[in-house]
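Residue numbers (my numbering), protein chains in the order written: chain S, 387 to 505; chain B, 387 to 505.
Heads up, the beta-carbon is just placed ideally off N, CA and C, and yes, glycines get one too.
So the structure is just underneath, and the comments pick up after that.
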DNA sequence: AGGTTGATAAACAAGTTAGTTGATTAGCAA
DNA sequence: TTGCTAATCAACTAACTTGTTTATCAACCT
């Protein structure tokens with residue numbers, strides 16, 4: 387079983403917070419400093435800094451250096467990795483529907499839904 | 387600011403766990419019962435049942451009734467909602483690259499990167 | 001050097017999550 | 001009824017997350 391868990395773990399976890407998603411949204415319009423990113427929120431700058439660390443650890447953002455500022459940049463590649471994971475199962479499901487359709491047409495009326503196949 | 391947070395919160399949070407993602411992967415091959423879903427894992431059935439509750443609350447899966455069994459089904463629509471959110475910012479970023487390209491071509495050599503514009 | 005600004009580190013409180021074990025409900029089969 | 005199976009509920013622990021406050025670091029500016 388293909389468990390490359392931790393990368394996806396941290397990425398999905400990072401997006402499971404409205405503040406962090408809002409930061410992503412803002413960064414999609416261009417890089418920004420921690421102060422700029424913290425401005426729209428009621429929470430402290432330190433808290434926003436931690437959120438950015440979470441996003442950075444998930445590799446959803448990167449940071450560069452500009453004097454004392456540490457601008458944050460979006461990393462679109464990581465976002466695409468997430469859509470890739472999701473699409474993997476969304477597409478499989480569409481195939482599933484086609485097979486199900488075939489089964490229903492060939493043996494219509496089979497009631498016992500005891501699926502017990504093992505991979 | 388368009389905050390329809392909680393739905394995305396629970397969905398991303400639900401996928402931030404390898405056990406739950408593995409359950410999604412298994413369900414993409416067709417519905418399964420709690421016992422069947424619990425089999426590949428070392429943890430107890432109760433723990434898997436809780437994971438399924440998390441997925442259900444996030445509306446990533448639904449459950450039907452078959453006697454004492456409660457088969458779990460994937461809900462692909464919710465997965466598409468996540469890709470929709472992500473693509474929203476991935477696409478914006480591509481536009482951003484085009485604008486950045488234009489800026490760099492028109493004023494090449496500008497050194498003071500003191501971005502301070504406010505939306 | 002001294003002062004200010006941008007950002008982080010460390011320590012803590014409060015809340016949440018993931019897992020456990022033990023008991024309980026609900027349906028099916030004799 | 002009795003027993004078996006599928007699944008959940010309840011109570012509890014351990015670990016983690018989010019936010020705070022206080023203190024520190026690094027780079028710039030007179």
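- For residue 411(S), the closest Cβ of chain B is nearer than 8 angstroms.
- In the structure shown, residue 395(S) falls within a helical segment according to DSSP collapsed to helix, strand and coil.
- For the pair residue 440(B) and residue 461(S), the Cα-to-Cα distance works out to about 29 angstroms.
- Around the beta-carbon of residue 392(S), fewer than 16 other beta-carbon atoms lie within 10 Å, marking it exposed.
- Judged by DSSP secondary structure, residue 460(S) falls within the beta strand (DSSP E) whose first and last residues are 458-460.
- Taking a C-beta cut-off of 9 angstroms against chain S, the contacting residues of the stretch 440-469 of chain B are 450, 452, 455, 457, 460, 462, 465, 466, 468 and 469, listed in chain order.
- Only residues of its own chain outside the window of five on either side were considered, and among them 394, 397, 398 and 401 have a CB closer than 8 angstroms to the CB of residue 468(B), listed in chain order.
- Looking at 430(S), 476(S), 457(S) and 472(S), the one whose alpha-carbon comes closest to that of residue 419(S) is 457(S).
- For residue 406(S), the enclosing alpha helix (DSSP H) has its first and last residue at 404-413.
- No Cβ of chain B is located within less than 8 angstroms of the beta carbon of residue 429(S).
- In this structure, the straight-line span from the alpha carbon of residue 404(B) to that of residue 412(B) is close to 12 angstroms.
- In the three-state reduction of the DSSP assignment, residue 464(S) falls in the helix class, which pools H, G and I.
- In this model, residue 422(S) and residue 472(S) are separated by some 32 angstroms (Cα to Cα).
- The distance from the Cβ of residue 437(B) to that of residue 410(B) is about 10 angstroms, inconsistent with a contact at the 8 angstroms cut-off.
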